[in-house]
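**Student:** What the sequence shown shows, in full-length UniProt numbering, is residues 1 to 439, in sequence order.
Here a beta-carbon is modelled for each residue, glycine too, at the ideal position from N, C-alpha and C.
Before I ask anything, here is the structure I am working with.
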Amino acid sequence: MSQSKTAPKKLFIKTYGCQMNVYDSERMVEALGGQGYVETQSPDDADMILLNTCHIREKAAEKVYSELGRYKHLKAERPDLKIGVAGCVAQAEGEEIIRRQPMVDLVVGPQSYHRLPEMEAKAGAGVKALDTDFPEEDKFEKLTSRPKAKRGPTAFLTVQEGCDKFCAFCVVPYTRGAEVSRPAGRVLSEARDLVERGVREITLLGQNVNAYHGHDKGLAGIIRDLAKIDGLERIRFTTSHPNDMDDALIAAHAEVEKLMPYLHLPVQAGSDKILKRMNRQHTAESYLKVVERLRAARPDLHLSGDFIVGFPEETEEDFQATLDLVEAVQYGSAFSFKYSERPGTPAAERPQVSEDEKDDRLQRLQALLGRQQRALQDAMVGREVGVLFEKPGRKPGQMGGKSDYLHAVHVAGEGLSVGDLRRVRIVESGANSLKGELL
Ligand code: SAH
Ligand code: SF4
Ligand code: F3S
Numbered sequence: 001m002s003q004s005k006t007a008p009k010k011l012f013i014k015t016y017g018c019q020m021n022v023y024d025s026e027r028m029v030e031a032l033g034g035q036g037y038v039e040t041q042s043p044d045d046a047d048m049i050l051l052n053t054c055h056i057r058e059k060a061a062e063k064v065y066s067e068l069g070r071y072k073h074l075k076a077e078r079p080d081l082k083i084g085v086a087g088c089v090a091q092a093e094g095e096e097i098i099r100r101q102p103m104v105d106l107v108v109g110p111q112s113y114h115r116l117p118e119m120e121a122k123a124g125a126g127v128k129a130l131d132t133d134f135p136e137e138d139k140f141e142k143l144t145s146r147p148k149a150k151r152g153p154t155a156f157l158t159v160q161e162g163c164d165k166f167c168a169f170c171v172v173p174y175t176r177g178a179e180v181s182r183p184a185g186r187v188l189s190e191a192r193d194l195v196e197r198g199v200r201e202i203t204l205l206g207q208n209v210n211a212y213h214g215h216d217k218g219l220a221g222i223i224r225d226l227a228k229i230d231g232l233e234r235i236r237f238t239t240s241h242p243n244d245m246d247d248a249l250i251a252a253h254a255e256v257e258k259l260m261p262y263l264h265l266p267v268q269a270g271s272d273k274i275l276k277r278m279n280r281q282h283t284a285e286s287y288l289k290v291v292e293r294l295r296a297a298r299p300d301l302h303l304s305g306d307f308i309v310g311f312p313e314e315t316e317e318d319f320q321a322t323l324d325l326v327e328a329v330q331y332g333s334a335f336s337f338k339y340s341e342r343p344g345t346p347a348a349e350r351p352q353v354s355e356d357e358k359d360d361r362l363q364r365l366q367a368l369l370g371r372q373q374r375a376l377q378d379a380m381v382g383r384e385v386g387v388l389f390e391k392p393g394r395k396p397g398q399m400g401g402k403s404d405y406l407h408a409v410h411v412a413g414e415g416l417s418v419g420d421l422r423r424v425r426i427v428e429s430g431a432n433s434l435k436g437e438l439l
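Here you go:
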């Protein structure tokens, strides 16, 4: 057991990767609160440094090792300092991390966070702690939470984890394991608790969030139940797979007022040959059909996507099909990446596209996506939207928040408080944000 000291111990946690890691980091901070830790923003005065890592692309893992290198001098000065690696690199690399960086005390995979307090105690006794199991139990139920701390107006809530899709390029099915859904009752009680602590917008998270089956009516069912919670004003969810976009969820976009008109729906590529080799299990046309049905349900829906350029054997013609699909959809925002070879995934074995070609295609795709994003953002000028205010803006007297469509919006903030949800008229469109006036 760890000894209880009067002065709290300090935990520095650095988070990489997706929103699910952000949520996990919050839960780990809360769980280690029970061991007497409070969060600090600097590694320099920390008693424990925890990196919550991402393995999705090659550079992500290398970044972790170089970050660890930067803590070497701290560990040399203070041998009591504990250094831990969590997340998807921890899951994928396991013991290798301790071999490459022997100063690491603790390696914990994403499904074992509820064992973190024990592991911390073990590390405190000078024993290396490693846990990369995929245990049966629900880690979130076992992760103790701190007494009700006040929260900001927006929160993530993980409802589903893991992936059974096995896209040929992706490590997630290996690092996060099989698809698991949290029971609806637990999700709802966590949501109520968040609302009591000041949260007004919840984003439901899952690697394949629309494959959620913890409610007998699926993700649409839990969204409808969440919408009944007084004080919860906005609901979002991410990330969805096109094949799991069922009728009930599409209907929810038409009928549930609290469900925001923004959807992240990755497609990855526009060529059917490449989609097949990616093992995406859908075609460009079936994706476009889903988009069409969504827009029929919710005409003002803003779509966002993920794209990979330079997947093995992608030709210029294949890439052109991606550009065509992007033209057909008109995205409000998007994330695009050069294909990154991940050892152990099927695509890594295929003939690779040159780095120069990847660079060139990424540049062209991003130029097109950038133009679309800007055009849709500019089209907001003159419109009225809801804005949830999250923090003071950059200039004095300003407040910043997010529109229903997830645009960053700032307004002159006379009398506004963080957490206010107000109607705003958009008056100007800037490089990365909109300017609005309160109605
Ligand atoms: N579950 C989600 C997101 C998974 S990871 C989904 O299915 O869409 C987030 C994004 O990273 C993916 O959508 C993909 O665009 C990108 N990605 C995953 N593996 C990659 C790789 N090996 N190289 C480049 N990008 C990758
Ligand atoms: Fe990765 Fe595909 Fe699963 Fe998304 S659906 S997490 S891209 S394997
Ligand atoms: Fe990265 Fe793991 Fe998320 S690999 S994107 S942190 S699921």
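With a CB to CB cut of under 7 Å and the five nearest residues on each side skipped, what residues in its chain are close to lysine 5?
**Tutor:** Any reading at lysine 5 is ruled out, since the residue's pLDDT is 48, under 50, leaving its predicted position unreliable.
**Student:** Please report the residue range of the beta strand (DSSP E) in which threonine 53 lies.
**Tutor:** Counting along the chain, the beta strand (DSSP E) containing threonine 53 begins and ends at 48-53.
**Student:** Looking at the ligand F3S, does it come within less than 8 Å of proline 392, judged from the CB to the closest heavy atom?
**Tutor:** No, the beta carbon of proline 392 sits no closer than 8 Å to any heavy atom of the ligand F3S.
**Student:** Report the CB separation of valine 195 from isoleucine 223 in whole angstroms; it is logged as a contact under 8 Å.
**Tutor:** Contact flag wrong, Cβ pair sits at about 15 Å.
**Student:** Spatial neighbours of aspartate 378 within its chain, please: CB distance less than 8 Å, with the 5 preceding and 5 following residues excluded, ordered by chain position.
**Tutor:** These residues qualify, in order along the chain: Ser429.
**Student:** Quick check on DSSP: helix, strand or coil for isoleucine 56?
**Tutor:** Three-state DSSP puts isoleucine 56 in coil, outside helix and strand.
**Student:** Should asparagine 21 be counted as a contact of the ligand SAH given a C-beta to heavy atom distance under 8 Å?
**Tutor:** No, the beta carbon of asparagine 21 sits no closer than 8 Å to any heavy atom of the ligand SAH.
**Student:** Would you identify the three-state DSSP class for lysine 338, choosing helix, strand or coil?
**Tutor:** Strand.
**Student:** Using the beta-carbon count (16 or more within 10 Å), is threonine 203 buried or exposed?
**Tutor:** Threonine 203 is buried by the Cβ-count criterion.
**Student:** Using the Cβ count rule (16 or more neighbours within 10 Å means buried), how would you classify histidine 114?
**Tutor:** Per the 10 Å Cβ criterion, buried.
**Student:** Taking the C-alpha atoms as reference points, what is the distance between aspartate 216 and arginine 182?
**Tutor:** About 12 Å.
**Student:** May I have a chain-ordered list of the beta strand (DSSP E) segments no shorter than 3 residues that lie completely inside the stretch 176-227?
**Tutor:** If we require 3 residues or more, the beta strand (DSSP E) runs fully inside the stretch 176-227 come out as 201-205.
**Student:** Could you pull the start and end residues of the beta strand (DSSP E) that leucine 106 belongs to?
**Tutor:** From DSSP, the beta strand (DSSP E) with leucine 106 extends over 106-108.
**Student:** Check for me: the beta strand (DSSP E) holding glycine 305 runs from which residue to which?
**Tutor:** Counting along the chain, the beta strand (DSSP E) containing glycine 305 begins and ends at 302-309.
**Student:** From lysine 364 to aspartate 193, what does the alpha carbon distance come to, in whole angstroms?
**Tutor:** Residue 364 is actually arginine in this sequence, not lysine. C-alpha separation (whole angstroms): 45 Å.
**Student:** May I ask you to report which of helix, strand or coil DSSP gives glutamate 233?
**Tutor:** Glutamate 233: coil per DSSP, three-state reduction.
**Student:** Taking buried to mean at least 16 other C-beta atoms within 10 Å of its own C-beta, is leucine 439 buried or exposed?
**Tutor:** Classification of leucine 439: exposed, given that the 10 Å Cβ count is below 16.
**Student:** Between arginine 361 and valine 309, which are expected to be in contact by the criterion C-beta below 8 Å, what is the C-beta distance as a whole number of angstroms?
**Tutor:** At roughly 4 Å, the Cβ-Cβ gap stays under 8 Å, so arginine 361 and valine 309 are in contact.
**Student:** Using only CA atoms, which one of Asp225, Glu384, Asp44, Ala129 lies nearest to leucine 188?
**Tutor:** Taking only the C-alpha atoms, the option nearest leucine 188 is Asp225.
**Student:** Compare the Cα-Cα distances from glycine 397 to each of Glu437, Leu368, Arg383, Asp404 and report the closest residue.
**Tutor:** The residue with the shortest Cα to Cα distance from glycine 397 is Glu437.
**Student:** Just list the residues that DSSP pairs glutamine 398 with in beta bridges.
**Tutor:** For glutamine 398, which the question treats as bridged, DSSP gives the partners Ala412.
**Student:** In its own chain, which residues sit with a C-beta less than 7 Å from the C-beta of methionine 1, not counting the 5 before and 5 after it?
**Tutor:** With a pLDDT of 44 at methionine 1, under the threshold of 50, the predicted position of this residue should be treated as unreliable, though the coordinate-derived value follows. Excluding positions up to five away in sequence, the list reads Ala121.
**Student:** Can you name, in chain order, every residue of its own chain whose Cβ lies under 6 Å from the Cβ of valine 89, other than the five neighbours on each side?
**Tutor:** Contacts found: Thr53, His55, Ala61, Val64.
**Student:** State yes or no: is the C-beta of alanine 220 within less than 9 Å of the C-beta of alanine 248?
**Tutor:** In this structure, alanine 248 lies closer than 9 Å to alanine 220 by Cβ.
**Student:** Can you find a heavy atom of the ligand F3S that lies under 8 Å from the Cβ of proline 110?
**Tutor:** Yes.
**Student:** What three-state label does DSSP hand serine 240 in the structure shown?
**Tutor:** Residue state, collapsed to three classes: coil.
**Student:** Run through DSSP, which three-state label would leucine 143 get?
**Tutor:** Coil, per DSSP.
**Student:** Checking 9 Å against the spacing of the C-beta atoms, do glutamate 58 and glutamate 341 come in under that value?
**Tutor:** Against a cut-off of 9 Å, the Cβ pair of glutamate 341 and glutamate 58 comes out as a contact.
**Student:** Mapping the DSSP letters down to three states, classify aspartate 131 as helix, strand or coil.
**Tutor:** Here aspartate 131 sits in strand by DSSP.
**Student:** Check the DSSP bridge columns for tyrosine 65 and list the partner residues they point to.
**Tutor:** Tyrosine 65 pairs with nothing; no bridge assigned.
**Student:** Three-state secondary structure (DSSP) at lysine 150?
**Tutor:** In the structure shown, lysine 150 sits in coil (DSSP, three-state: anything other than H, G, I, E or B).
**Student:** Starting from the Cα of aspartate 138, find the closest Cα among Val159, Ala412, Pro261, Val172 and give me that residue.
**Tutor:** Checking every option, the nearest Cα to that of aspartate 138 belongs to Val159.
**Student:** Taking the continuous alpha helix (DSSP H) assigned at leucine 439, which residues delimit it?
**Tutor:** Run containing leucine 439: none; DSSP gives neither H nor E here.
**Student:** Would glutamate 201 pass as a contact of proline 135 if the rule is Cβ separation under 9 Å?
**Tutor:** It is not a contact, given that the beta carbons lie outside the stated cut-off.
**Student:** Strictly closer than 6 Å from CB to any heavy atom of the ligand SF4: give me those residues in the order they appear in the chain.
**Tutor:** Chain-ordered list of matching residues: Cys163, Lys165, Phe166, Cys167, Cys170, Val172, Pro173, Gln207, Asn208, His241.
**Student:** By how many angstroms is the C-alpha of aspartate 318 removed from the C-alpha of leucine 338?
**Tutor:** Before going further, note that residue 338 is lysine rather than leucine in the sequence given. Their Cα atoms are separated by approximately 15 Å.
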